[in-house]
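Going by UniProt numbering, the letters in the sequence shown line up with residues 1 to 239, in that order. The C-beta atom is built at its ideal place from N, Cα and C for all residues, glycine as well. Predicted model only: the values in this text are computed from it and were never measured. First comes the structure, then the notes that go with it.
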Amino acid sequence: MYLNIQRISRSLSPRKYLKSRSNSEDIESNRKLPLSARCPKGQENNQRNERISRVGSVKLPKTKIDICPSLSNYQVHLLKNSWANLQNKNINKDISGCFQVLERISSAASKSFNSALKTSETDAKLWQPQIIIDHTSAFNKLLGRIISNENGVDEELRRLGAAHVNLSEKYGLGVHEFEKFGEIMADRFLSKDGIRQNNEVTHAWCVLVSTIVDYMKAGFESELRLRRRRYSISFTGEV
Numbered sequence: 001m002y003l004n005i006q007r008i009s010r011s012l013s014p015r016k017y018l019k020s021r022s023n024s025e026d027i028e029s030n031r032k033l034p035l036s037a038r039c040p041k042g043q044e045n046n047q048r049n050e051r052i053s054r055v056g057s058v059k060l061p062k063t064k065i066d067i068c069p070s071l072s073n074y075q076v077h078l079l080k081n082s083w084a085n086l087q088n089k090n091i092n093k094d095i096s097g098c099f100q101v102l103e104r105i106s107s108a109a110s111k112s113f114n115s116a117l118k119t120s121e122t123d124a125k126l127w128q129p130q131i132i133i134d135h136t137s138a139f140n141k142l143l144g145r146i147i148s149n150e151n152g153v154d155e156e157l158r159r160l161g162a163a164h165v166n167l168s169e170k171y172g173l174g175v176h177e178f179e180k181f182g183e184i185m186a187d188r189f190l191s192k193d194g195i196r197q198n199n200e201v202t203h204a205w206c207v208l209v210s211t212i213v214d215y216m217k218a219g220f221e222s223e224l225r226l227r228r229r230r231y232s233i234s235f236t237g238e239v
């Protein structure tokens, strides 16, 4: 059986500076851009933000998110503060809304969610086809661990991406769904009060979302290549 999954070459890595958010037209125009076009370049922004973080009498303590090395100390502080505020505003509703939009626009995602298979005990750390409420709870916890810079989240993101290859065989789920979910999540989070008014927080969230998507895509594509190789070897041996 050949896994017919189309590779998507479009990267979600940060590339361009965000347009000014001084008026509603700029905000709306940014919403129409792909996620990769909304994220400013890290190096130039970091130099400016490091200067900002030193302004005033209080110097911010050092903090970082290892999977997002382009974020400055200042941006990480803003990201952590905005995440704490979101926790007080029913963030589960927003995360669930992202999955619901993906379910509506992608038949592969819809079929996967509706399969509602439960995670086996042996694969408790890997996501299997689950209903949206399961994904919402797990993704909320995962975001918190990433923002807290917990060790090992990079490998877990890859494993989670790899676990979704099972859905490619039955429902046609591919990297396109990961990218669409990232764009949906960016639309929802970047429109939240406390984020959309501040370009630095917007940048931090944009980088975080694109990084999460890239790690999961990498895990998915790596596992897909491995399975294709195994199938090819197995098929050759049977001939």
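Expressed to the nearest angstrom, what Euclidean distance is found between the alpha-carbon atoms of residue i and residue j?
i: Y74; j: N81; result: 11 Å
i: R227; j: E169; result: 11 Å
i: P61; j: F113; result: 42 Å
i: N149; j: G174; result: 28 Å
i: I131; j: S137; result: 11 Å
i: D193; j: M185; result: 15 Å
i: L71; j: V209; result: 13 Å
i: K64; j: N198; result: 19 Å
i: residue 283; j: G144; result: Residue 283 is absent from the model: the chain starts at 1 and stops at 239.
i: K111; j: G152; result: 30 Å
i: V201; j: P69; result: 15 Å
i: Y171; j: S232; result: 21 Å
i: residue 240; j: T211; result: This structure does not reach residue 240, given that the chain is present from 1 up to 239, and the question cannot be answered.
i: V76; j: K59; result: 14 Å
i: L102; j: S115; result: 15 Å
i: L142; j: D94; result: 15 Å
i: A229; j: L167; result: The sequence shown places Arg at residue 229, rather than the Ala named in the question. Going from the Cα of R229 to the Cα of L167 covers about 18 Å.
List the whole-angstrom C-beta distance separating residue i from residue j, where the pair is believed to meet the contact cut-off of C-beta under 8 Å.
i: L86; j: A204; result: Rounded, the Cβ-Cβ distance is 13 Å, inconsistent with contact.
Are the Cβ atoms of residue i and residue j separated by less than 8 Å?
i: A84; j: E177; result: no
i: G182; j: V207; result: no
i: Y215; j: D134; result: no
i: N88; j: N140; result: no
i: I146; j: I67; result: yes
i: I105; j: K180; result: yes
Tell me whether residue i, by its Cβ, gets closer than 7 Å to a heavy atom of the ligand SAM.
i: G182; result: Absence of the ligand SAM is noted for the structure shown, with no ligands found whatsoever.
Is there contact between the stretch 178-191 and the stretch 94-101, where contact requires at least three CB pairs shorter than 8 Å? yes
For the structure I just gave you, are there three or more beta carbon pairs, one from the stretch 153-170 and one from the stretch 208-227, closer than 8 Å? yes
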